[in-house]
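Keeping their order, the protein sequence lines are chains R and L.
Using the working numbering, the first residue of the first sequence is number 1, and each one after it goes up by one.
Using the working numbering, the first residue of the second sequence is number 437, and each one after it goes up by one.
Heads up: the structure comes next, in structure tokens.
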Amino acid sequence: MKRLSYVLAVVAMLVFAVCPAATQAAEPVKLVMWWWGEQEAPGAQKWLDETIQLYQKEHPNVTIEAVLQSTDSLIPSFQSAIAAQEGPDIQYVWGGVWTLEFVWGGGLAPIDDLIPAEELAHYINNFERTFEGKIWGVPWYLSGNPFVYNPSLFEKAGLDPQKPLETWDELIAACKKLRAIDVIPISGGLKDGWFGGWLYSILGRQPHDSVKDIMDAVVGKTKFTDPKHVEWWKRLAELRDAGCWNEDINSLDYQQGMDRFVQGQAAMIFGNDTFLKGWAETMGSWDNIGVMLVPKYANGKMANQYIVTAQGLGITSWSQHKQEAANFLMFLHTKDRLDAWFNYTGVLPADDRLDVSLIKQPQLQQVYQWDTTIPGPNLENFIPTMMDEQANFAGTQLLFAGEKTPEELAQMTQDVVDKWSEQNPEALENFTRWAQ
Amino acid sequence: MCTGEIYKPFLKRADTMRYRPYEPWLYLAPMIVALLFVFGYPVARLVMMSFQRTSKGQEIFVGLTNYIALFQDEVFLRAIRNNLTLVLNVPVMVAVALLLAIFLFERIRGWRIHQTTLFLPYLLPIVVVGIIFSYIFQLSGVLNEALIAIGLPQLALDWLGSPKLALWTVMFVIIWKEVGLGVVLFLARLMSVEEELFDAARIDGANWWRLQWHITIPQLSTVIEFFTVISVITMLSWVFNYVYVMTAGGPGNSTMVTELYVYLQGFRYNQMNLAAAASVLILAITGVLIFVQFRLRERAGEEEVFA
Chain R
1 MKRLSYVLAV VAMLVFAVCP AATQAAEPVK LVMWWWGEQE APGAQKWLDE
51 TIQLYQKEHP NVTIEAVLQS TDSLIPSFQS AIAAQEGPDI QYVWGGVWTL
101 EFVWGGGLAP IDDLIPAEEL AHYINNFERT FEGKIWGVPW YLSGNPFVYN
151 PSLFEKAGLD PQKPLETWDE LIAACKKLRA IDVIPISGGL KDGWFGGWLY
201 SILGRQPHDS VKDIMDAVVG KTKFTDPKHV EWWKRLAELR DAGCWNEDIN
251 SLDYQQGMDR FVQGQAAMIF GNDTFLKGWA ETMGSWDNIG VMLVPKYANG
301 KMANQYIVTA QGLGITSWSQ HKQEAANFLM FLHTKDRLDA WFNYTGVLPA
351 DDRLDVSLIK QPQLQQVYQW DTTIPGPNLE NFIPTMMDEQ ANFAGTQLLF
401 AGEKTPEELA QMTQDVVDKW SEQNPEALEN FTRWAQ
Chain L
437 MCTGEIYKPF LKRADTMRYR PYEPWLYLAP MIVALLFVFG YPVARLVMMS
487 FQRTSKGQEI FVGLTNYIAL FQDEVFLRAI RNNLTLVLNV PVMVAVALLL
537 AIFLFERIRG WRIHQTTLFL PYLLPIVVVG IIFSYIFQLS GVLNEALIAI
587 GLPQLALDWL GSPKLALWTV MFVIIWKEVG LGVVLFLARL MSVEEELFDA
637 ARIDGANWWR LQWHITIPQL STVIEFFTVI SVITMLSWVF NYVYVMTAGG
687 PGNSTMVTEL YVYLQGFRYN QMNLAAAASV LILAITGVLI FVQFRLRERA
737 GEEEVFA
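Here is the structure:
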């Protein structure tokens, strides 16, 4: 009898030892996710709802509450959460400095220990979230900046729609031809500022070899008044003077500027590849959309690259369910979910396991090829936000208003960076460590 | 039983109910505690933060560093200048509201409809007003199209896109929206003025101007003071929504105001301590104005008593 009791006890212990997952699985887990993305990848909401349903079905003890944030509330809400050390388990984060400012503020946890290295190896653009050897978030989908054009308007203006513009002179000449047929050559909207940052990223890169050139200027090793950094302001002024832009650029938001292209009033736009599917649907056909790289005015290595950033998700430092959150993020990267993402949104996921045969449109095939062969960083993600807003946003507005010269704007940028360094010694220190 | 005997028990009780100075405070205590919790603590924390900076996750005392940084920041100084420029709205608003109130008080044809129409903008959400006027004032917007259509293309300007014009355009919208409150306040006061005052003045031969100068304005003086003070407070610390929706502080910071500056410092640039210092300054200026308002009202009250 004594022996039987002993055997039963051992069996019971073994059962509990072998099946801890089963007992843990019964423990209810609630994950809260604050996200953004429907704004630039329409269809993301449907995909996420479906994904959550599937995940909850597979993991009945897990409940996921996804809260879609507005563009304006995404960052302030999370900053408040960091201050309180209370909020979501999973937070949407743009790449580069947007992620790292949250890291430096104590809001995000590294994911290296939560996600196996062989899984991480499939994610595209991990470098944007890497700081001091650790990865601080999971890339979700790619957002790149093609120079988009309307082939039929090109044809009307006597330009060859099959031959994308390659040089700066060709771009200036194209502007003149398009103006001659009363079409806005390039449309944009600067009133809300964001497009000024895009312009910096798109044009400011060309004289430089790597993002380190930019970060060196941020941390004071070089100056934003150096000729290479002044050049993009001059080129932007050149485009303005050649009549390339819509005259009302300063009184329109970016969205309104974009509408000019979608309505067929403008022939080109510095766009975002996440918008392409939506534009094609609104414009009636993919035939109205062509993509090209930004025509070159300089010979830095970054002039030959395609700007691409991975929008991502981070796990918060205070989350009580970090591993469960990581498991859900890995689920987003399963084959079925990657393919479904592309089918819902037409946007490329930040993962090399996408079934590329799903990409039917030549324009998106081209974008995918650029993404995987000549990817380059988005400069906006490697500068302080203050520089972006007070120099790039404000500076482009002043340039188009004719209030400041390129040299004055370069000086203004340097002044903003100096001010930022003085006001933020700790951020400067972090940036310096990051730049190394 | 004599009268004294009747009241005896009550008198005895009154003797025991001696005045205890702490008693009113006991009644007020719950509200004071609630106010301290809701307002006192955040304000104290804000002031404390304005003298600190975050370093290695710790808040360290830095004295006046944040305030000095603010006054060295061209964008903040610009914001202060813009808020002060916005104060120029106040005399315009008072004058316009006064004139409109007088016209309505004189029962011009359809005055009730006009009264509602004039108050309507005040009821509309600022965001809605901002978005509508953003469209109207675009370079290719309705206003400019109308100006071109009537043969005045030289007046079709970039109202929101030009750094020289944007602030004045925002000021116009603020006046359009806020003046309705002044009209209603002034009209409500005028309705309570004795009609005989106006009749007597008319019999004495007072013309329209003298009537307004000697009766209407003196009768409205306290309400004008009140409206002036709250309008000044509005211009200094309550215009964020207008600016955020219509211009986002641009072009080139030309419409930056202190509230937007605080928002950007705190929530975009991650500099909560600088945002706190700027907030303390706004709070101090607004506090002084509220104090002035109370003093004015107190003085007006005293004058009425002596009159």
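For glycine and all other residues, C-beta sits at the position ideal for the given N, C-alpha and C.
Predicted model only: the values in this text are computed from it and were never measured.
Meets three-Cβ-pair contact criterion under 8 Å: the stretch 327-341 of chain R and the stretch 44-51 of chain R: yes
Tell me the DSSP secondary structure of K191/R in three-state form. coil
Say whether chain R places a C-beta atom closer than 9 Å to the C-beta of V511/L. yes
Could I get the ranges of all uninterrupted alpha helix (DSSP H) runs contained in the stretch 73-129 of chain R, with 4 residues as the minimum, in chain order? 97-104, 117-120
Any beta-carbon of chain L closer than 9 Å to the one on P110/R? no
Using only the alpha-carbon positions, how far apart do I75/R and A325/R sit? 20 Å
Within its chain, find whatever has a CB closer than 8 Å to the CB of D371/R; leave out the 5 residues flanking it on each side and keep chain order. I124, L142, G144, Y306, V308, L348
Span of the alpha helix (DSSP H), counted from its first residue to its last, around V681/L: 676-682
What residue range does the alpha helix (DSSP H) around E40/R cover? Where E40/R is concerned, there is no enclosing alpha helix (DSSP H), given that its DSSP letter is neither H nor E.
Could you check which residue in P654/L, F608/L, V483/L has the C-alpha nearest to that of G499/L? V483/L
Between V474/L and R481/L, what straight-line distance do the alpha-carbon atoms span, to the nearest angstrom? 12 Å
Nearest-angstrom beta carbon gap, L647/L and F634/L [assumed within contact, 8 Å]: 6 Å
Per DSSP, what are the beta-bridge partners of D351/R in this structure? Y123/R
9 Å is my cut-off, CB to CB: does Q39/R come that close to chain L? no
Can you give, in chain order, each stretch of the alpha helix (DSSP H) that sits fully within the stretch 550-590 of chain L and has at least 4 residues? 562-572, 578-585
Of the residues A350/R, W35/R, L108/R, P60/R, the one placed nearest S73/R, counting alpha carbons only: W35/R
Identify the residues that DSSP records as bridge partners of A310/R: which are they? L142/R
Beta-carbon contacts of I496/L that lie in its chain and below 7 Å, excluding the five residues immediately before and after: Q488, R489
Measuring only the C-alpha atoms, how far is D594/L from E128/R? 39 Å
Is Q423/R close to chain L? Criterion is C-beta to C-beta, closer than 9 Å. yes
P161/R versus E40/R: straight-line alpha-carbon distance, rounded: 27 Å
Can you check whether the CB of S667/L is closer than 9 Å to the CB of V532/L? no
I'd like to confirm the pairing. Which residues does DSSP put opposite K30/R in its beta bridges? T63/R
Is it right to say A712/L is buried, meaning 16 or more other beta carbons lie within 10 angstroms of its own, or is it exposed? buried
What does DSSP give as the partner residue(s) for P375/R in the beta ladder? Y306/R
Taking its Cβ as the centre, do 16 or more other Cβ atoms sit within 10 Å of A21/R, making it buried, or is it exposed? Caution is warranted here: a pLDDT of 45 is assigned to A21/R, below 50, making its placement in the model unreliable, and the coordinate value is therefore given only provisionally. By the 10 Å Cβ count, A21/R comes out exposed.
What residues in its chain sit with their C-beta under 8 Å from that of A465/L, if we drop five residues either side in the sequence? none
With 8 Å as the C-beta to C-beta threshold (strictly closer), list the residues of the stretch 700-724 of chain L near chain R in chain order. L700, G702, F703, R704, Y705, N706, Q707, M708, L710
Between the stretch 186-194 of chain R and the stretch 672-688 of chain L, do three or more beta carbon pairs fall short of 8 Å? yes
Which residues of chain R have a Cβ atom closer than 8 Å to the Cβ of N689/L, listed in chain order? Q390, A394
In chain order, what residues of the same chain lie with their CB nearer than 8 Å to the CB of G438/R, ignoring the 5 residues before and after it? A query on residue 438/R cannot be resolved here, the shown segment of chain R reaching from 1 to 436 and no further.
Could you pull the DSSP bridge partners for L153/R from this structure? Per DSSP, none; premise fails for L153/R.
Please confirm whether L239/R and L171/R have their CB atoms less than 9 Å apart. yes
Residue from V32/R, F78/R, Q56/R whose Cα sits closest to the Cα of E65/R: V32/R
Identify every residue that forms a DSSP beta bridge with S491/L. Q494/L
Terminal residues of the beta strand (DSSP E) in which G290/R lies: 290-292
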